[in-house]
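If you read the sequences in order, they're chains A and B.
Position 85 of the first sequence, counted from 1, bears residue number 85 in the numbering used here, the numbering being contiguous throughout.
Position 142 of the second sequence, counted from 1, bears residue number 399 in the numbering used here, the numbering being contiguous throughout.
Glycine included, C-beta positions come from ideal geometry on N, C-alpha and C.
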Amino acid sequence: MTEPILYARNLVKRYGKVTALDHCDFDLMPGEILAVIGDNGAGKSSLIKALSGAVQPDEGEITLEGQKVQFGSPIDARAHGIECVYQTLAMSPALSIADNMFMGRELRKPGIMGQWFRQLDRPRMEAFARAKLNELGLMTIQNINQAVETLSGGQRQGVAVARAAAFGSKVVILDEPTAALGVKESRKVLELIRDVRSRGIPIILISHNMPHVFEVADRIHIHRLGRRLAVIRPNDYSMSDAVAFMTGAKVPEEVAA
Amino acid sequence: MTDNTKPATGFEEGLKGASETVAEFREEKSLVKKIQHWLHQTPSAVPMIVLVVSVIVFALLSDNFFRATTMSTILQQIAIVGIIGCAQTIVILTAGIDLSVGAIAVFSSVLMGQLTFRFGIPAPLAIVIGLALGTAMGALNGYLISRLKLPPFIVTLGTWQIFLSSNYIFSKNETIRSQDIAEAAPALQFWGNAIQPGGVKVLYAVFLLIVLVAVMAYVLRHTAWGRHVYAVGDDAEAAKLAGVQTNKILLQVYALAGLFCAIAGWVMIGRFGSVSPTASTGVLGNIQSITAVVIGGISLFGGRGSIVGMFFGALIVGVFEMGLRLVGTDPQWTFFLIGVLIIFAVAVDQWIRKVSS
Chain A
1 MTEPILYARN LVKRYGKVTA LDHCDFDLMP GEILAVIGDN GAGKSSLIKA LSGAVQPDEG
61 EITLEGQKVQ FGSPIDARAH GIECVYQTLA MSPALSIADN MFMGRELRKP GIMGQWFRQL
121 DRPRMEAFAR AKLNELGLMT IQNINQAVET LSGGQRQGVA VARAAAFGSK VVILDEPTAA
181 LGVKESRKVL ELIRDVRSRG IPIILISHNM PHVFEVADRI HIHRLGRRLA VIRPNDYSMS
241 DAVAFMTGAK VPEEVAA
Chain B
258 MTDNTKPATG FEEGLKGASE TVAEFREEKS LVKKIQHWLH QTPSAVPMIV LVVSVIVFAL
318 LSDNFFRATT MSTILQQIAI VGIIGCAQTI VILTAGIDLS VGAIAVFSSV LMGQLTFRFG
378 IPAPLAIVIG LALGTAMGAL NGYLISRLKL PPFIVTLGTW QIFLSSNYIF SKNETIRSQD
438 IAEAAPALQF WGNAIQPGGV KVLYAVFLLI VLVAVMAYVL RHTAWGRHVY AVGDDAEAAK
498 LAGVQTNKIL LQVYALAGLF CAIAGWVMIG RFGSVSPTAS TGVLGNIQSI TAVVIGGISL
558 FGGRGSIVGM FFGALIVGVF EMGLRLVGTD PQWTFFLIGV LIIFAVAVDQ WIRKVSS
């Protein structure tokens with residue numbers, strides 16, 4: 001059996017009297033799409049935040065490619081090759097697509113202009129951004145210098161996914177990527193997700209949309225009451241089973257046994 | 258990639274036959290839409306047009322207006338407001354505001370003067386200390402805003418009073434006379450020197466303003482730091498998640514604004530000759546600089562506009578003041594028209610923002 005690329009054991013996160021993560025385990029296999037589902041307040045966000053460095057767990061450990069890691073901030077996690085597409089997308093609307101893709105890791109011109117005058121290497125950044133968007137089939141974006149606010153919701157999501165895929169060398173985390181999108185745009189984003197996986201990058205997909213989860217996920221991590229209830233394969237269960245598990249109406253056989 | 262596509266439900270079957278394109282750009286632009294888009298990408302265009310039109314109008318109304326001497330006088334008069342405007346621009350781009358700019362400028366000029374005359378420190382060293390203290394005052398604003406998370410308006414409303422009263426207390430309300438400075442410490446009046454090509458006097462201060470605007474235009478447009486300033490003003494939370502150290506940027510922006518104000522303080526000595534703790538800049542500098550920034554098309558909500566726009570905004574104010582004086586109207590009309598311009602500028606800003614919806 002292959003080793004998980006990213007796994008966590010016994011994660012605990014408390015906010016005052018509320019225990020958001022209660023000795024939670026987590027496994028992500030190389031090259032898979034792992035969906036994380038759970039009812040509101042089950043602790044999905046806390047789990048994802050712990051994995052992406054946005055919060056620091058009180059107990060437990062996280063292992064990436066066999067190495068124990070501790071993320072002090074999202075920037076830390078990014079340096080380890082874990083990219084997160086937040087529900088809010090984390091983009092600056094008035095800035096261009098290229099500026100947004102390189103926000104916080106800009107390229108500077110070689111030589112004196114870059115070193116002394118710290119000039120950005122716009123041509124290189126634009127070419128890279130265009131190449132990445134093309135790779136993911138976002139050809140409809142004509143002008144890499146247009147402001148992100150002039151894009152549609154689906155295009156913005158596409159740019160955010162492209163940014164994560166371009167820099168996320170090990171893991172890409174997507175938080176509710178289709179929640180704000182229409183049917184057609186959701187379809188496009190699901191295709192993007194598959195595209196990213198076909199490059200061998202494993203994906204963690206947080207979603208409330210059962211049809212989308214069952215369509216693209218290889219395995220489904222069901223989160224309940226701050227811990228992992230079970231991991232199921234979409235072929236073995238129906239969507240209503242999954243909903244029943246996550247709301248506590250039913251208990252999966254492995255857990256019951 | 259379509260190998261294992263197994264639509265889980267049938268509801269998307271309804272999409273078959275629907276158009277396959279996802280939100281492509283249709284070029285259905287009317288002329289108005291085109292203008293709106295162009296302005297969206299070129300935020301300093303509106304003030305530039307207003308500037309050109311007002312220069313033409315005043316040139317037609319008054320024979321004396323369109324002359325090199327008049328133009329150089331206008332530039333001379335906006336030098337201080339323009340430099341303080343550079344400070345205000347970077348602060349407002351981060352969606353902040355700095356009400357203490359004028360107070361920092363006056364206090365810095367007083368510090369430079371008093372260090373030289375009361376404490377006998379050589380003028381060049383006193384200038385360096387004055388610039389450093391101005392930067393420190395800005396950094397104090399930045400610390401309170403970025404670390405203690407206090408609103409910029411409140412912080413700088415407070416420090417404005419603190420710096421201004423410290424300035425009166427420290428200087429004991431004494432003015433250092435122009436002759437004394439010229440005699441003992443001409444370095445303090447450096448920016449008051451001028452070149453006179455063809456008899457037209459152009460102050461060094463004017464060149465300093467132009468160089469500062471040009472340097473900041475480059476920094477804001479072509480460096481990562483400049484892009485981060487815009488990102489912080491645009492959406493601070495998003496910038497943080499994208500990996501920008503927003504607190505550090507804010508602290509640096511307010512500190513740099515303090516440095517610009519201290520430079521403006523040095524320029525004030527050259528411009529007025531004397532060092533006066535009661536210079537009007539201490540009280541009016543903030544409003545004058547905010548006026549230049551707003552007329553220059555920089556959004557008070559942050560993240561939009563360019564420093565070149567602020568330069569045009571300051572010039573518009575200077576052109577109105579000079580033009581109306583030459584035409585011979587009641588000077589109150591200047592403020593009347595500037596008030597109208599401010600409201601016009603904000604209305605245009607709101608309209609341009611709608612380009613996204």
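Cross-chain neighbours of GLY104 of chain A in chain B, by beta carbon under 7 Å: ALA499, GLY500, VAL501
Under 8 Å between C-beta atoms of SER52 of chain A and LYS13 of chain A: no
Proximity test, Cβ basis, 8 Å: VAL279 of chain B and chain A: Note on VAL279 of chain B: pLDDT 47, under 50, position unreliable in the model; no value is reported.
Contact set between PRO30 of chain A and chain B, taken where Cβ atoms lie within less than 7 Å: Here the premise fails: no neighbours, minimum Cβ distance about 18 Å.
Chain-ordered neighbours of SER240 of chain A on chain B, where CB pairs are closer than 9 Å: Near SER240 of chain A there are no residues of chain B at all, since even the closest Cβ is about 12 Å away, more than 9 Å.
Under 9 Å by beta carbon: chain A residues contacting TYR487 of chain B: SER92, ALA94, LEU95, ASP99
Contact under 8 Å by Cβ, LEU202 of chain A with MET91 of chain A: The question names Leu, but residue 202 of chain A is Pro in the sequence shown. No, they are not a contact pair.
Contiguous alpha helix (DSSP H) assignments of at least 4 residues, all confined to the stretch 91 to 170 of chain A: 97 to 101, 111 to 115, 122 to 135, 153 to 167
is_contact[ILE173 of chain A, chain B] using C-beta, thresh 8 Å: no
Residue nearest to PHE529 of chain B in terms of C-alpha spacing, selected from B:ILE433, B:LEU318, B:LEU390, B:ASN398: B:ILE433
With 16 other Cβ atoms within 10 Å as the buried cut-off, status of VAL550 of chain B: buried
LYS504 of chain B - DSSP class collapsed to helix/strand/coil: Note that residue 504 of chain B corresponds to Asn in the displayed sequence, not to Lys. Correct three-state label for ASN504 of chain B: helix.
Three-state secondary structure (DSSP) of HIS223 of chain A: strand
Beta-carbon contacts of VAL605 of chain B that lie in its chain and below 8 Å, excluding the five residues immediately before and after: LEU296, VAL303, GLY554
Reference LEU557 of chain B, options B:LEU469, B:VAL510, B:ILE347, B:LEU498, closest by Cα: B:ILE347
Nearest-angstrom Cβ-Cβ length linking PHE245 of chain A and LEU225 of chain A, presumed shorter than 8 Å: Their Cβ separation, rounded to whole angstroms, is 12 Å, which puts PHE245 of chain A and LEU225 of chain A out of contact at 8 Å.
VAL148 of chain A and ASN100 of chain A closer than 8 Å at C-beta: yes
Neighbour list for PRO252 of chain A in chain B, Cβ cutoff strictly below 7 Å: Ordered by position in chain B, no residue passes the 7 Å Cβ test against PRO252 of chain A, which lies about 19 Å from the chain.
Interface residues of the stretch 555 to 572 of chain B facing chain A [CB-CB below 8 Å]: GLY560, ARG561
Cutoff 7 Å; reference ARG283 of chain B; Cβ partners in own chain excluding five residues on either side: With a pLDDT of 48 at ARG283 of chain B, under the threshold of 50, the modelled position of this residue cannot be trusted; read the value that follows with caution. The answer is none, since no qualifying residue turns up.
Secondary structure of ALA280 of chain B, DSSP reduced to three states: Confidence is the limiting factor: at ALA280 of chain B the pLDDT is only 44, short of 50, which leaves the residue's position unreliable, though a coordinate-based value still follows. If DSSP states are grouped into helix, strand and coil, ALA280 of chain B belongs with coil.
Cutoff 8 Å: ARG404 of chain B Cβ touching any chain A Cβ: no
6 Å CB neighbourhood of THR326 of chain B in its chain, flanking five on each side removed: VAL457
Same chain, Cβ closer than 8 Å to GLU281 of chain B, five either side skipped, listed in chain order: In this prediction, GLU281 of chain B scores a pLDDT of 47, lower than 50, which makes its location untrustworthy; the coordinate-derived value is nonetheless stated afterwards. For GLU281 of chain B, where only same-chain residues beyond five positions count, there are no Cβ hits under 8 Å.
Span of the alpha helix (DSSP H), counted from its first residue to its last, around HIS23 of chain A: Careful: HIS23 of chain A lies outside any alpha helix (DSSP H), inside the beta strand (DSSP E) at 18 to 28.
Alpha helix (DSSP H) segment containing TYR15 of chain A, residue limits: Careful: TYR15 of chain A lies outside any alpha helix (DSSP H), inside the beta strand (DSSP E) at 6 to 15.
N-terminal and C-terminal residue of the alpha helix (DSSP H) that THR416 of chain B is part of: 409 to 428
Min CB distance TYR86 of chain A to chain B below 8 Å: yes
Minimum Cβ-Cβ distance from ASP606 of chain B to chain A less than 8 Å: no
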